[in-house]
Every structure is written in structure tokens, then in C-alpha cells.
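If you use our numbering, the sequence shown corresponds to residues 163 to 424, in order. What follows is a single structure, written as C-alpha cells, with notes after it.
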Amino acid sequence: MWPHPKPHEPDERRVTTPGAPHPVLPDYYRRAEARQAFVTALFDSTATQYDRLCRLMSLGSGQRYRGWVLRRTGLRPGMKLLDVATGTGLVARAATSVVRNSHAVIGIDPSRGMLRVARTTLSSPLAQGCVEQLPFRADVFDVLTMGYALRHAADLEIAFCECLRVMKPGGWLLILEISRPAAVWLRTVIRVYFTRLLPWLMRVGSGHGDSGVLTRYYWETIENCVPPETILEALRRSGFVDVRLNTFGGLLAEYVAVKPRR
Ligand SMILES: C[S@@+](CC[C@H](N)C(=O)[O-])C[C@H]1O[C@@H](n2cnc3c(N)ncnc32)[C@H](O)[C@@H]1O
């Protein structure tokens, strides 16, 4: 059903949109305008496999890690959190167990398939939509999270300005990402894991071929993503302050940024 990587002209890779987190990836879609439809359809078709895939990707530690980061960055009971790109609700579930009120956590995602799976485990309000246009009033949320989805935004500054708008002054944004490892050996290991081992494990475990396309696409967006400095600079240009980046093991990245108090 999905395209498999094909040989391409090297200069096709240079087709890039200013502000986009990565260039057009012609193995998967041909024009920047086609990217969102491709991504949404890919997540729709792999939604039922996503949680298993995440457990394999993180060697079983992903959910504990999400909860740990949320507590460490200051999430407390009584806070209101918007989880952008909630997917099957993994960050939202971890947040709910910290704030201990499922109605204080709202999830939003463009993929109906992912939201349908989220609904099976989450009683939080869920909405369909993209980070570029959030259907909420200004100054509503204490915390805004975006887990492993920054690479799917059309434009970093448009996405960040929209996040800033819906956050309360003094509120903070937490972006979880996987960054391209600087060490060549680690990059090679992760590439082989994402593009060969994971697709094989998913096929053997579930017979589901599309999740192999998801893991290969996932890796390509990591490998082609703009560097962390560009993301930090886009956060500052969008109006955030106290912008910082924590990294773990050369792979896990946590961007934290605060909306200025008036
Ligand atoms: C890798 S999943 C991450 C799900 C979840 N946050 C987690 O921690 O596992 C990426 C999600 O981003 C969503 N997404 C894609 N494009 C988006 C956009 N423009 N705005 C918001 N979410 C988007 C996808 O539908 C998908 O559910």
C-alpha cells in the first residue's frame, strides 16, 4: 500500500521549505503540500500498532520516561495541560497520572485513527487538529506538550507561535524529540534498528507491513531534521523565553520554553 524507498536524484533532497523541520522526502511524497496528508494517512493506518511499536522503539522504557520528564519539568496536580500530537495518548496518559484529573488534560491530533485508539484508554477530552491551528482560546493552558511530533509540523515558527498563543503567561512548553546522534557509530546502530530490525519485528509480530514504512519514515525525518540550534532559535523568535535543551545519551532531546509573564 505504501511506497517503499526508491532510488532518487540526489538534488531532489534539497527541495526544502523555509521554516520546515526537514526537507521534502521524495521517497514518500513529492511536494511540501502533500506532506501532511501523507503523514496523517500513515498514522491512521498504523494506529493500532503504534503502542507496540513505541514499546519496541524505547525497549519498554518510553512510558516511564514520559512520566519522569513531566514530573521533573514541574507538572503538578491542579495544572491544565494540552498534549499536542497526542497520538494514542501516551504523553496524555502519563500527564493524567501526575495531575490526577483526566479532565485537566486535553489531547489533540490530526489522525482520526490515532484518536480512536487513544479513546480506548483515555477519558480526557480529545480533539482533531494540527499544531499550526489550535482550536482553543488564548492564554488557557499552564503546560503544553508535544511528544515526538515536532518533525511533522509544516513550519517551526508557525507551530511555536500557535503554542505560545494558547498558553498562559508563565506557562511552559515541553517538546520531546529524538535527535540525530552526532556519533557515527550510534547513528549507524539506530539507523539499522529503525530501518531493518523494527520493521522485521513488527512484521513477524503482527503481519502489519505499514508499520515498517512508519519506522523508516520516522528515521528519515530524524536524519534530515534541522539541528537543535535552529529549533532553539525558532522558539526564541516565536517569543518564548528561558529556552533550554536537555539531551540524554546523544539521542533523547527535551526542549523546554516559557511564555513570558506580561
Ligand atoms: C510519533 S506520534 C507521537 C504520539 C505521542 N505524542 C507520543 O508521545 O507517542 C506523532 C503524532 O503527530 C501527529 N501529527 C502529525 N502531523 C501533525 C501536525 N501538523 N500537528 C499536530 N500533530 C501532528 C500524528 O498524527 C501522530 O499522532
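By construction, the Cβ of each residue, glycine as well, lies at the ideal position given by its N, Cα and C atoms. As the structure is a prediction and not an experimental result, all values here were calculated from the model.
Taking non-hydrogen atoms of ligand 1 into account, the C-beta of A316 is found less than 7 Å away from one of them. The continuous beta strand (DSSP E) containing L335 extends over residues M329 to I340. T357 is positioned such that its CB atom lies closer than 8 Å to that of R378. Unbroken beta strand (DSSP E) stretches of 3 residues or longer found wholly inside the region 225-267: 243-246, given in chain order. With contacts defined as CB atoms closer than 8 Å, M276 and G249 qualify as a contacting pair. Contact check for L218 and L363: beta-carbon distance about 6 Å, within the 8 Å limit, so the pair qualifies. Here I270 is bridged, per DSSP, to V246 and A289. The three-state reading of DSSP puts L363 in helix, counting H, G and I together. Our two residues, Q211 and F402, have alpha carbons roughly 35 Å apart in a direct line. Taking C-beta atoms under 8 Å as the contact rule, S286 and V267 qualify, at a distance of about 5 Å. Per DSSP, the beta-bridge partners of N408 are E416.
For G374, no beta strand (DSSP E) segment is defined; the enclosing uninterrupted segment is the alpha helix (DSSP H) at D372 to E385.
Inter-segment contact for the region 372-388 and the region 177-195 is present: three or more beta-carbon pairs are separated by less than 8 Å.
For T350, the uninterrupted alpha helix (DSSP H) run begins and ends at V346 to V354, by DSSP. In the three-state reduction of the DSSP assignment, V186 falls in the coil class, being assigned neither a helical nor a strand state. In this structure, L360 is the residue among L360, E294 and P188 with its C-alpha nearest to the C-alpha of S373. For D304, no alpha helix (DSSP H) encloses it; the enclosing beta strand (DSSP E) starts and ends at F303 to G309.
Only exposed fits T392, as fewer than 16 other CB atoms lie within 10 angstroms of its CB. With a cutoff of 8 Å on beta-carbon distance, R255 and L284 are scored as near each other. Put simply, the backbone Cα of V418 is about 12 Å away from that of G332.
Rounded to whole angstroms, the separation of the alpha carbons of G291 and P272 is 5 Å. Under the three-pair Cβ rule at 8 Å, the region 404-413 counts as touching the region 341-348.
Check the Cα spacing between A196 and each of V366, I337 and A316: the tightest is with A316. The C-alpha of L252 is placed about 23 Å away from the C-alpha of K330. Selection E319, A311 and H265 evaluated against A396 yields E319 as nearest (Cα-Cα). In the same chain as A194, and ignoring 5 residues on each side of it, the C-beta atoms closer than 7 Å to its own belong to T179, A182 and V186, in chain order. Taking every protein chain shown into account, the CB of L221 has fewer than 16 other CB atoms within 10 angstroms, so this residue is exposed.
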